[in-house]
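Engineer:
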Amino acid sequence: MTTPASSATGVPAGPAPETEIARDLARRAVPVAPVLIAACGLGWGIEGALSSAYAVALVVANFLVAAALMAWAAKISVGMLMGTVLAGYLLRLGALTLAVVAVRHAAWVELLPLGLTLVVTHLGLLVWEAQHVSLSLAFPGLKPRAQKG
Amino acid sequence: MELLQVLAQQEPGELAEGLTAVGRGIVYGAAAIGPGIGIGIVVGNAITAMARQPESAGMVRTTMFLGIAFTEALALFGFVLSFIVAG
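Protein chains in written order, with our numbering: chain C, 512 to 660; chain A, 2 to 88.
What follows is the structure, given as structure tokens:
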């Protein structure tokens with residue numbers, strides 16, 4: 512996968528790969544979410560299902576925000592990219608903490624399914640996406656194409 | 002001495018509750034440091050790679066994003082543990 516470099520910053524022009532991956536991850540979360548929500552619903556009831564849905568939403572939002580920040584910074588310079596990634600890590604971790612702390616005493620929240628879904632969704636989606644990306648990087652001919660019709 | 006007097010005035014369980022909060026903060030803080038260092042290494046090496054071979058920047062950024070997300074999972078572990086274990 513090669514992209515033309517922009518002359519101003521040395522950062523490639525064209526669509527940002529981070530945004531594409533984050534969209535792909537969000538797309539993959541659609542079939543995964545009902546399974547996790549149903550599993551947590553079976554184990555912890557309606558509170559578990561709601562907590563699980565909240566966790567999936569947090570993970571997807573985390574990916575999308577990270578990608579948007581990186582794509583924005585990469586257009587400016589690689590130095591900006593470095594700063595934004597590190598500051599973005601702190602900001603996103605802080606936002607995630609706030610998002611959980613804000614609801615942890617709510618009646619519909621069960622912390623165990625919330626936490627488990629956070630970790631399982633984050634890692635599961637990443638492994639799935641990494642498998643896809645490594646396949647398309649090693650064998651570009653196998654990269655899935657958009658289906659016609 | 003004053004500290005002992007304050008501790009003596011605590012309701013039963015209050016001290017344990019406070020220590021749990023401190024422990025939770027230590028777990029979360031320690032769990033966030035490692036991924037912070039890891040992400041710095043990932044991005045630093047990715048920038049070096051992009052500077053050396055700008056034509057492969059797309060591939061490098063793809064790998065970098067996945068590397069950052071995987072590293073971040075460690076911080077998530079700490080975050081979740083600090084909430085779940087402490088209850």
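Glycine is no exception: its CB is placed at the ideal position from the N, C-alpha and C atoms.
Out of curiosity, what's the CA-to-CA distance linking Pro526(C) and Phe66(A)?
Structural biologist: Roughly 14 Å between the two C-alpha positions.
Engineer: Please compile the residues from chain C whose C-beta is within a distance smaller than 9 Å of the C-beta of Leu75(A).
Structural biologist: Ordered by position in chain C, no residue passes the 9 Å Cβ test against Leu75(A), which lies about 10 Å from the chain.
Engineer: How about Arg62(A): is its C-beta nearer than 9 Å to some C-beta of chain C?
Structural biologist: Answer yes: the Cβ-Cβ gap between Arg62(A) and chain C drops below 9 Å somewhere.
Engineer: Going along chain A, which residues have a C-beta under 9 Å from Tyr565(C)?
Structural biologist: Ordered by position in chain A, no residue passes the 9 Å Cβ test against Tyr565(C), which lies about 13 Å from the chain.
Engineer: Going by CA-CA distance only, name the one from Val576(C), Val541(C), Ser562(C) and Gly552(C) that's closest to His616(C).
Structural biologist: Per the Cα distances, Ser562(C).
Engineer: Whole angstroms are fine: how far does the CA of Ala31(A) sit from the CA of His643(C)?
Structural biologist: Cα to Cα, the separation comes out at about 32 Å.
Engineer: If the cut is a Cβ gap below 8 Å, which residues of chain A does Val630(C) touch?
Structural biologist: The contacting residues are Ala74, Leu77, Phe78 and Val81.
Engineer: Anything in chain C within Cβ reach of Leu67(A), meaning under 8 Å, just list it in chain order.
Structural biologist: The contacting residues are Ile532, Leu637, Glu640, Ala641 and Val644.
Engineer: Would you decide whether Glu15(A) is buried or exposed? Buried here means 16 or more other CB atoms lie within 10 Å of its CB.
Structural biologist: Counting Cβ neighbours within 10 Å, Glu15(A) comes out exposed, since fewer than 16 surround it.
Engineer: Secondary structure at Ser83(A), three-state DSSP: helix, strand or coil?
Structural biologist: Ser83(A) falls in the helix class under three-state DSSP.
Engineer: At least one CB of chain A closer than 9 Å to the CB of Arg603(C): is that the case?
Structural biologist: Yes - at least one Cβ of chain A is within 9 Å of the one on Arg603(C).
Engineer: If you measure from the beta carbon of Gly35(A) to each beta carbon in chain C, is any gap under 9 Å?
Structural biologist: Closer than 9 Å: no.
Engineer: Please go through the same chain and pick out, in chain order, the residues whose beta-carbon is closer than 6 Å to the beta-carbon of Ser518(C), but skip the five residues on each side of it.
Structural biologist: In this prediction, Ser518(C) has a pLDDT of 40, which is less than 50 and means its spatial position is unreliable; nothing more can be read from the coordinates.
Engineer: Smallest Cα separation from Val86(A): which of Gln11(A), Thr49(A), Val28(A) and Gly37(A)?
Structural biologist: Closest option to Val86(A), Cα to Cα, is Val28(A).
Engineer: Does DSSP put Ser645(C) in a helix, in a strand, or in coil?
Structural biologist: Note: Ser645(C) maps to helix in three-state DSSP.
Engineer: Under the three-state reduction of DSSP, which class applies to His616(C): helix, strand or coil?
Structural biologist: Looking at His616(C) - three-state DSSP - the assignment turns out to be coil, as it is neither helix nor strand.
Engineer: How far does the alpha helix (DSSP H) with Pro13(A) in it extend, from its first residue to its last?
Structural biologist: Here Pro13(A) belongs to no alpha helix (DSSP H), and DSSP marks it neither H nor E.
Engineer: Expressed to the nearest angstrom, what Euclidean distance is found between the alpha-carbon atoms of Met51(A) and Ala585(C)?
Structural biologist: Computed Cα separation, rounded: 11 Å.
Engineer: Helix, strand or coil for Pro526(C), going by three-state DSSP, please let me know.
Structural biologist: In the structure shown, Pro526(C) sits in coil (DSSP, three-state: anything other than H, G, I, E or B).
Engineer: Taking all protein chains shown into account, do 16 or more other C-beta atoms lie within 10 angstroms of the C-beta of Ala516(C), making it buried, or fewer, making it exposed?
Structural biologist: With a pLDDT of 47 at Ala516(C), under the threshold of 50, the predicted position of this residue should be treated as unreliable, though the coordinate-derived value follows. Buried, since its Cβ has 16 or more Cβ neighbours within 10 Å.
Engineer: Assuming Arg539(C) contacts Leu636(C) under a Cβ cut-off of 8 Å, what Cβ separation, rounded to an integer in Å, is found between them?
Structural biologist: Yes, Arg539(C) and Leu636(C) are in contact; Cβ-Cβ is about 6 Å, under 8 Å.
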